[in-house]
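Below is one structure, written out as structure tokens, with a few remarks after it.
Residue numbers (the numbering used here): 10 to 122.
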């Protein structure tokens, strides 16, 4: 199920890096229609990958929690941080992030989409 798959992403990141990853993941099996689960999986995968590749962090946490109104994903770390464009920034200037010479991908733009 999706819950176990997300836990596996965190375990793999922990094993492949020096980052102390922790996870708190509610059971979200059957939360999404089957055809939409892959989108959420890839968002988590990209977020964790960005922590490993770019953050310089020593600690990170992935939290997936369901409350009465929504599902909330939080990926947090103690790394260097980044400028997060607002949704308006992406729609008015979708290339603004990639104009940064250090940026080599579309990770945040893809997550936003």
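Note that CB positions come from ideal geometry on N, CA and C, so glycine has one too.
{"Item": "Short Cβ contact (9 Å threshold) for residue 69 with residue 22", "Value": "yes"}
{"Item": "For residue 70, the three-state DSSP class (helix, strand or coil)", "Value": "strand"}
{"Item": "Counted within 10 angstroms of its Cβ, other Cβ atoms place residue 76 as buried (16 or more) or exposed", "Value": "exposed"}
{"Item": "With 16 other Cβ atoms within 10 Å as the buried cut-off, status of residue 47", "Value": "exposed"}
{"Item": "Bridge partners - residue 34, DSSP secondary structure assignment", "Value": "73"}
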